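Structure record follows, encoded as structure tokens.
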Amino acid sequence: MSPLSRPSRLRRLGLCVATGTLAALTAAAPAAMAADPQPVGQRAEAAAPDPTSDELSASALQREHEARQKEAREEAQKQGQAKPQAPKRTYKGRVIAKPYLLLRDKPTRSSRVVGSVEYGEVVNIFCKTEGDNVDNNNRWYLLTDGTWAWGSARYIENIGAAPKWC
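In structure tokens form, the structure reads like this:
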């Protein structure tokens, strides 16, 4: 073997140190990523709360609706009216799921079940939105019967006009 092809002891030592450093950084990377997965430039954005995270929650839509009703009542009192004008339209539907339809707190199949509605029962629908697919139907209705909850539109037959979008 020629002297040029044989690595010197110093070169071998440097190669070992570099390999060890690379191994240590590779082992430490998952822990560093778990502690702060965002790149440095995006940390300020990540600290701000996501405004859309709760937008389809039935309880959030209920709070928004009740706040609007309260404002309408207060406005009516200021103007001297007996009571505010009624909402423009109510929507109805009939449950066609046998034996019952599960109601959920968000328009997803994996969200928490908050109740059920029996087959054939007529329900009041507040609005519709897109959510998880149920038998190739991604529409969900927000029902206002007692508790505000989401039901898959696949199992609710409209009576009259289709509901407005949320």
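In the numbering used here, the protein residues as written are 2 to 167.
Where a beta carbon is used, it is the ideal one built from N, C-alpha and C, also for glycine.
Please read these numbers as outputs of a predicted model, since none were measured by experiment.
Residue from the options with nearest C-alpha to residue i
{"i": "V96", "options": "S112, R140 and G152", "result": "G152"}
{"i": "I160", "options": "R110, S111 and Y92", "result": "Y92"}
{"i": "W141", "options": "E122, G121, K165 and E119", "result": "K165"}
{"i": "A154", "options": "A68, E67 and I126", "result": "I126"}
{"i": "Y176", "options": "Q63, Y120 and T145", "result": "Outside the modelled stretch of the chain, which goes from 2 to 167, sits residue 176, for which no answer is possible."}
{"i": "E131", "options": "R110, E67 and E75", "result": "R110"}
{"i": "N139", "options": "V123, K129, T145 and G147", "result": "K129"}
Chain-order list of residues whose beta-carbon lies under 7 Å from that of residue i (same chain, five-residue window excluded)
{"i": "E158", "result": "G94, R95 and I97"}
{"i": "V115", "result": "L104, R105, D106, T148 and A150"}
Spatial distance of residue i from residue j (CA atoms)
{"i": "N137", "j": "R113", "result": "21 Å"}
{"i": "D133", "j": "C167", "result": "16 Å"}
{"i": "A162", "j": "E65", "result": "23 Å"}
{"i": "Q70", "j": "D146", "result": "17 Å"}
{"i": "L143", "j": "A68", "result": "17 Å"}
{"i": "V124", "j": "E72", "result": "26 Å"}
Sequence-distant residues of its chain with Cβ nearer than 8 Å to residue i (five each side left out)
{"i": "S60", "result": "D106 and W149"}
{"i": "S117", "result": "Y101, L102, L103 and L104"}
{"i": "S58", "result": "D106 and K107"}
{"i": "E122", "result": "R95 and V96"}
Nonlocal neighbours in the same chain, by C-beta distance under 6 Å from residue i, ignoring five residues either side
{"i": "Q63", "result": "W149"}
{"i": "V135", "result": "S153 and R155"}
Any non-hydrogen atom of the ligand SAM closer than 6 Å to residue i Cβ
{"i": "G152", "result": "With respect to the ligand SAM, the structure offers nothing, as it holds no ligand at all."}
- request: Inspect the CB distances between the segment 96–113 and the segment 64–80 and report whether three or more fall short of 8 Å.
  value: no
- request: Write down every uninterrupted run of the alpha helix (DSSP H) in the segment 121–149 whose length is 4 residues or greater and which is fully enclosed by it, in chain order.
  value: none
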